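Asks: Encoded as structure tokens, here's the structure I'll be asking about.
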Amino acid sequence: MARVSVVGGGVAGLAAAGRAARAGHRVELYDAGSYADQRRGAWGEVVADFDRIPLDETADGVVRSLEEIAVRIPTAGGTRRVATLCTPDAVVIDRGRLERGWRRALPESVAVYENHRVDKAEFDRLCARSELVIDASGPAPVSAPVAGLTVPPAPAIKTLSARATGDFASHYPTPTAIVAPDARLFVTTKDTAARRSG
């Protein structure tokens, strides 16, 4: 039985912690946020290959299946649809609900430390006392400076998540990706009520 430390409690960290615990290892999961709150700074409300996630489509937080995404470009009068991306195994999720439910479903043996940001010094300590450390901390991994890695800026995605009020009926049930020379915008609504309120 190995001691496993998982840094980052999002989808990847939850999957790693659950799998390691079910394999019989002692697991500690560290997350900078709290599962009690709305997850801040988290992106990924549309999951393209849901079959890669060890949950089924009835899991709490899976809102609905998604078959396509409309690609639009700005025009003088609004936007124009230029393509359709087929997404045969995609779902729309409420990431906060999904992660809270997944957290509750972890084996009781997993020690979860919420509101616990792991810095370089603590990462070094975890490496010294654990047989395996899994860094699932996101696009700017805490392990990069420790391992001497250079993480190119390409994987980092700048996002702005907002709840807006307005008529979003044109984005339900098919989400929209608006592509402009200097920006990319992705608009999705989770359900029929949200299409009216944002």
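Residue numbering for the sequence shown follows the numbering used here, starting at 5 and increasing by one per position. Backbone N, C-alpha and C fix where the C-beta goes; we use that ideal spot for every residue, glycine too. Note that this is a predicted model, so its numbers are computed, not measured.
Taking just the CA atoms, how far does A80 sit from A36?
Replies: Mapped onto the sequence shown, residue 36 falls at position 32. Mapped onto the sequence shown, residue 80 falls at position 76. Distance from the CA atom of A36 to the CA atom of A80, rounded to whole angstroms, is 43 Å.
Asks: Could you spell out the range, first to last residue, of the alpha helix (DSSP H) harbouring A19?
Replies: By one-based count along the sequence shown, residue 19 stands at place 15. Boundaries of the alpha helix (DSSP H) around A19: 15-26.
Asks: Using the three-state DSSP reduction, which class does S2 fall into: helix, strand or coil?
Replies: Limits of the chain in this structure are 5 at one end and 202 at the other, which puts residue 2 out of reach.
Asks: Mind checking which residues open and close the alpha helix (DSSP H) that includes R133?
Replies: As a working note, residue 133 is residue 129 in the sequence shown. Its alpha helix (DSSP H) spans residues 124-133.
Asks: For the alpha helix (DSSP H) holding E103, just list the boundary residues, first then last.
Replies: As a position in the sequence shown, residue 103 is number 99, starting the count at 1. Note, E103: alpha helix (DSSP H), 99-109.
Asks: DSSP state of P92, grouped into three classes?
Replies: Within the sequence shown, the letter at position 88 stands for residue 92. Of the three classes helix, strand and coil, the one that applies to P92 here is strand, per DSSP.
Asks: Can you look up R56 in the DSSP assignment and give me helix, strand or coil?
Replies: Working through the sequence shown from its first residue, we reach residue 56 at position 52. Here R56 sits in helix by DSSP.
Asks: In this structure, how does DSSP classify S9 when only helix, strand and coil are distinguished?
Replies: In the sequence shown, residue 9 corresponds to position 5, counting from 1. Three-state DSSP puts S9 in a strand.
Asks: Out of curiosity, what's the CA-to-CA distance linking V15 and Y176?
Replies: Numbered from its first residue, the sequence shown carries residue 15 at position 11. Numbered from its first residue, the sequence shown carries residue 176 at position 172. In a straight line, the C-alpha of V15 is about 25 Å away from that of Y176.
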